[in-house]
């Protein structure tokens with residue numbers, strides 16, 4: 605495990621968690637897996653699991669009992685979270701979509717010739733996504 609990344613998570617928790625939060629067991633499981641992937645340096649896995657935890661928590665917190673399964677986009681748009689955080693969540697959503705919905709898997713020349721570029725981009729986005737996840741799961745706090 606990477607101690608710099610552990611320290612980053614602890615700083616975020618100190619910054620964002622001021623009271624208590626109620627999470628579903630699913631949200632907790634997914635967030636813990638995102639943390640584990642992040643600390644291990646598995647950046648793409650951290651991004652994907654952060655997005656999964658965010659989506660699960662939005663469903664739990666704001667859309668309990670919703671009959672129609674809303675897309676991640678709809679969950680963000682229809683949730684009462686502040687606009688600035690919605691923008692952050694959409695950035696995570698769009699970035700995740702680029703990796704999950706690869707348009708042409710045969711078009712891999714850039715990935716092959718510039719892997720460092722993608723690794724750096726993934727690392728930066730992993731930090732961004734893990735923070736977004738913590739912001740959303742710590743948004744509704746009791747004191």
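Residue numbers (my numbering): 605 to 747. For glycine and all other residues, C-beta sits at the position ideal for the given N, C-alpha and C.
> Just how far apart, CA to CA, sit residue 724 and residue 646?
Replying inline: 12 Å
> Using DSSP with H/G/I as helix, E/B as strand and the rest coil, what is residue 608?
Replying inline: For residue 608, the secondary structure class from DSSP, reduced to helix, strand or coil, is helix.
>> For the region 703 to 712 against the region 624 to 632, do three or more pairs of beta-carbon atoms, one drawn from each stretch, fall closer than 8 Å, so that the two count as touching?
In response: no
>> I'd like the ranges of any alpha helix (DSSP H) spanning at least 4 consecutive residues and lying wholly in the region 607 to 643.
In response: 607 to 620
> What are the partner residues of residue 746, as DSSP defines its beta bridges?
Replying inline: The partner list for residue 746 (beta bridge, DSSP) reads 624.
> Going by C-alpha distance, which of 743, 726 and 735 is nearest residue 649?
Replying inline: Measuring from the Cα of residue 649, the nearest candidate turns out to be 726.
> What whole-angstrom Cβ distance do residue 605 and residue 644 have, given they're in contact under 8 Å?
Replying inline: 6 Å
> Sorted by chain position, which residues of the same chain lie with C-beta nearer than 6 Å to residue 637's C-beta, five sequence neighbours on each side aside?
Replying inline: Result list for residue 637: 653, in chain order.
> Are residue 662 and residue 679 close, meaning C-beta to C-beta below 8 Å?
Replying inline: yes
> Between residue 655 and residue 733, which are expected to be in contact by the criterion C-beta below 8 Å, what is the C-beta distance as a whole number of angstroms?
Replying inline: 7 Å
> Excluding sequence positions up to five away, which residues of its chain have a Cβ less than 8 Å from the Cβ of residue 625?
Replying inline: 741, 742, 744, 745 and 746
>> Is the separation between the beta-carbon of residue 614 and that of residue 735 shorter than 8 Å?
In response: no
> Which residue's Cα is closest to the Cα of residue 737: 611, 659, 619 and 715?
Replying inline: 659
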